[in-house]
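>
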Amino acid sequence: MGRTVPTMRQSLEMIANAVIGMERHAISMDARIIESIAVMGRKHAPEASAAGLDPEFTFLISVIMEMYREIVELRAALHEK
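Just add 23 to the spot in the sequence shown (first one is 1) and you have the working numbering.
1. Once DSSP output is grouped into helix, strand and coil, what is the label at T30?
2. Please report the Cβ distance between I38 and E79, rounded to the nearest whole angstrom; I am assuming they are in contact, meaning their Cβ atoms lie under 8 angstroms.
3. Rounding to the nearest angstrom, what Cα-Cα distance links R65 and E36 in this structure?
4. State the Cα-Cα distance for the pair P69 and P29, rounded to the nearest angstrom.
5. DSSP on L76, reduced to helix/strand/coil?
6. Might you give, ordered along the chain, the residues of its own chain that have their beta carbon closer than 6 angstroms to the beta carbon of H67, omitting 5 neighbours on each side?
7. When we look at the beta-carbon of A61 and count the other beta-carbons within 10 Å, is it buried (16 or more) or exposed?
8. Quick check on DSSP: helix, strand or coil for A49?
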């Protein structure tokens, strides 16, 4: 029979799990950062599925989007003071 092709969500989960695999070799601060990156990479799976982009590219774009969102929020909080 034919091969089963993973969905975008499954592909992103596999990439996130590979990233988390780095965690056991990292110091504690880096381990928390790695976990956070894995969470960021999973966040935009629905949009990624609709766009039909490469899973690795989508994972990186998701991380960049979430990091940028945090920067914007921090800037807004800084300007409120």
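Idealized CB from N, CA, C, for every residue including glycine.
In this text the structure is predicted, and so the values were computed from the model without any measurement.
In short:
1. Locating residue 30 in the sequence shown gives position 7, where the first residue counts as 1. Note: T30 maps to coil in three-state DSSP.
2. Mapped onto the sequence shown, residue 38 falls at position 15. Mapped onto the sequence shown, residue 79 falls at position 56. Rounded, the Cβ-Cβ distance is 6 angstroms, consistent with contact.
3. Position 42 of the sequence shown holds residue 65. Position 13 of the sequence shown holds residue 36. Straight-line Cα distance between these residues: approximately 7 angstroms.
4. Within the sequence shown, numbered from 1, the residue matching residue 69 stands at position 46. Within the sequence shown, numbered from 1, the residue matching residue 29 stands at position 6. Approximately 14 angstroms, taken between the alpha carbons.
5. Within the sequence shown, numbered from 1, the residue matching residue 76 stands at position 53. It is coil, neither helix nor strand.
6. Walking along the sequence shown from the start, residue 67 turns up at place 44. Excluding residues within five positions, the ones whose Cβ falls inside 6 angstroms are S85.
7. As a first step, residue 61 must be located in the sequence shown, where it is residue number 38. With 16 or more Cβ atoms within 10 Å of its Cβ, A61 is classed as buried.
8. Numbered from 1 along the sequence shown, position 26 holds the residue referred to as residue 49. Coil.
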